[in-house]
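Counting from 1, position 256 in the sequence shown corresponds to residue 253 in the working numbering; the numbering is continuous, with no gaps. Even glycine gets a Cβ: it sits at the ideal position worked out from N, Cα and C. Quantities reported herein were computed from a predicted structural model and do not represent experimental measurements.
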Amino acid sequence: MKKAGIGLAMVMAALIAAPMLLTAVPSPAAEDLKIALVVPLSGRWARQGQLKKMGAEMAIAEVNAQGGIKSLGGAKIVLREADAGDSVEKAVSAAQRALTREKISAGIGSWLSSFTLGVTEVAERLEVPWFTLSYADSITDRGFKYTFQSSPVSSAQAEQALEQLVEIAKRNNQPIKKAAIIGDNTAATVFFFKPLREKLLKAKGIEIVVDEIWTPPLADATAIVQKLRSTQPDVVFYGATNFPDSIQVLQKVKEFGVKSPIQGVGAWLVTPEYVKAVGPELLDSIKAVVAAHPLKGQDELVKRFKERTGEPFMTQDPLMSYAHVWIIKEAAERAKSTDPKAIRDAVAKLDLTSGPAANALAPGRIRYDDHGRRIGAIPIIVQWQGGEPFTVAPTELATRKLVWQAGR
């Protein structure tokens, strides 16, 4: 009986202690929100992919340092990168791997519009919301529900950029009468050049004197630049999307002494490598139309980026991926879920006028229409001055005044 009494006492003690043990068990850790980043990390467009990665990593570090996604119990954001390489096929394969290996809540990429067209096919099929800075109109012309395009589309950039250029030229008493179109046949460039060629330039009374398109890589820029020298256009619309091709053209421009003002198409033309390759003197006054660039009032953001990465300045690519991470974060907060469908639905309802994402992108508002295009997105004109690119238009957002130099 004594032994039985001891056994009963032990059981009773265990039962009494059980609630205390249960309350001491920690709650399950919040599920990480995983974002796929599919960008070129090798090949001709690798630099742009690296810059996009820098911007995403900076935003993720800030979100996680501020407590993660609060509605999900402090869930952290984790980046899953995949190399899109140098072809559409490689980009599609990278997206397929990234989105099927594990649960991905949202994706960002793929920089080049041609790549993005393929990658968003994968994301749509797997029902994962995808955010892109790629410009081509066709990206959001397909009726997709999971694609969100944060840049102004190429045709809108062409129209608005031409209006700004014509107005600036008139103010400087140097009207544009002749134009050249040169660039590769990647999707964003094609969609930018098409309205210029078909209607916009003609409507302004501007004659196209050179129209040269190539498939990357460019074998030899000599013949193209010789045409520029012989026709002396008042502006050159320039769309060589990868660094090797672009440098080859600019080196020939320097060699042949071509003085026509250059209007670039895209942020590929404003990376730091250009200063080393062709020198600040040739770059000065070259302009580029981009989807995003540091604006007036963003000094602190740029400072943080430079200190974190060691880059001499911030450009469209890291700025846009920085904004995309914050958009995804806000959507997850509102959805209270890491489920991609729930995040997609939350994004479709967003209307942000404050916070890191809205503050990063002009005109300071984040909302998307039924096609997935960001409403109110405007092109930014950037100009090289003193070896660094600065926002020069729209004027109210500019960090420097535009310098117009006819004949450069």
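C-beta contact flag for residue i and residue j at 9 Å
i: Asp208; j: Arg226; result: no
i: Val286; j: Phe189; result: yes
i: Ile32; j: Val75; result: yes
i: Leu417; j: Ala359; result: Absent from the model: residue 417. The displayed extent of the chain is -2 to 405, so no value can be given.
i: Pro126; j: Val344; result: yes
i: Met311; j: Leu298; result: yes
i: Ile203; j: Ala176; result: yes
i: Ala79; j: Gly115; result: no
i: Trp381; j: Pro277; result: yes
i: Arg41; j: Pro291; result: no
i: Ala395; j: Lys293; result: yes
i: Ala62; j: Asp29; result: no
i: Tyr143; j: Glu124; result: yes
i: Pro376; j: Ala56; result: no
i: Leu162; j: Val232; result: yes
i: Ala355; j: Ala153; result: no
i: Phe253; j: Gln223; result: yes
i: Leu130; j: Ser151; result: no
i: Phe112; j: Ala155; result: no
i: Phe302; j: Ala274; result: no
i: Ile101; j: Arg122; result: no
Local Cβ density within 10 Å of residue i, reported as buried at 16 or more and exposed below that
i: Gly261; result: buried
i: Arg139; result: exposed
i: Gly65; result: buried
i: Gly307; result: exposed
i: Thr117; result: buried
i: Leu399; result: buried
i: Glu393; result: exposed
i: Gly236; result: buried
i: Gly106; result: buried
i: Asp314; result: buried
i: Ile221; result: buried
i: Asp134; result: buried
i: Gly383; result: exposed
i: Gln402; result: exposed
i: Pro172; result: exposed
i: Val206; result: buried
i: Arg371; result: buried
Boundaries (first-last residue) of the alpha helix (DSSP H) holding residue i
i: Ile323; result: Residue identity check: residue 323 is Trp in the sequence provided, not Ile. From DSSP, the alpha helix (DSSP H) with Trp323 extends over Gln313 to Ala332.
i: Arg397; result: Counting along the chain, Arg397 falls outside any alpha helix (DSSP H), and DSSP gives it neither H nor E.
i: Val89; result: Val85 to Thr97
i: Val272; result: Glu270 to Val275
i: Gly115; result: Ser110 to Leu123
i: Ala220; result: Thr219 to Thr228
i: Ile340; result: Pro337 to Lys346
i: Asp296; result: Asp296 to Thr306
i: Gly52; result: Ala43 to Ala62
i: Gln380; result: Unbroken run through Gln380 is the beta strand (DSSP E), Ile377 to Gln382; no alpha helix (DSSP H).
i: Ala288; result: No alpha helix (DSSP H) contains Ala288, which DSSP labels as neither H nor E.
i: Val187; result: Ala184 to Pro192
Residue i versus residue j - alpha carbon distance
i: Ile378; j: Glu160; result: 12 Å
i: His321; j: Pro149; result: 15 Å
i: Lys412; j: Gly180; result: Shown here, the chain extends from -2 to 405; a query on residue 412 therefore has no answer.
i: Arg94; j: Gln157; result: 38 Å
i: Val250; j: Thr335; result: 51 Å
i: Asp242; j: Leu266; result: 11 Å
i: Ala27; j: Gly70; result: 6 Å
i: Ser84; j: Pro258; result: 31 Å
i: Gln45; j: Lys284; result: 18 Å
i: Leu247; j: Ala289; result: 23 Å
i: Ala53; j: Lys174; result: 42 Å
i: Glu385; j: Pro269; result: 8 Å
i: Arg397; j: Asp296; result: 13 Å
i: Leu34; j: Lys333; result: 22 Å
i: Ala58; j: Tyr319; result: 10 Å
i: Arg331; j: Val187; result: 38 Å
i: Thr219; j: Gln245; result: 9 Å
i: Ser24; j: Ser39; result: Low per-residue confidence applies at Ser24: pLDDT is 44, beneath 50, and the placement is therefore not dependable, though the value from the model is reported in the following sentence. Near 42 Å, if we compare the C-alpha coordinates of Ser39 and Ser24.
i: Thr97; j: Met51; result: 24 Å
i: Arg168; j: Asp342; result: 46 Å
Contact belief for residue i with residue j at Cβ below 8 Å, rounded distance in angstroms
i: Ser110; j: Thr183; result: 6 Å
i: Phe128; j: Ala103; result: 7 Å
i: Ile340; j: Ile325; result: 7 Å
i: Val89; j: Val60; result: That belief does not hold up - the Cβ atoms of Val89 and Val60 are roughly 29 Å apart, past 8 Å.
i: Gly369; j: Phe145; result: 5 Å
Where the beta strand (DSSP E) through residue i begins and ends
i: Asp366; result: Careful: Asp366 lies outside any beta strand (DSSP E) and carries neither H nor E.
i: Pro386; result: Glu385 to Ala390
i: Arg77; result: Ile74 to Asp80
i: Leu36; result: It should be noted that the sequence gives Val, not Leu, for residue 36. Where Val36 is concerned, the enclosing beta strand (DSSP E) stretches over Leu30 to Val36.
i: Ala237; result: First-last for Ala237: undefined, no H or E at that position.
i: Gln260; result: Ile259 to Val262
i: Ile105; result: Ala103 to Gly106
i: Gln146; result: Thr144 to Gln146
Cβ-heavy atom distance, residue i to the ligand GTP, below 8 Å
i: Leu123; result: Annotation note on the ligand GTP: not contained in the displayed structure, which lists no ligands.
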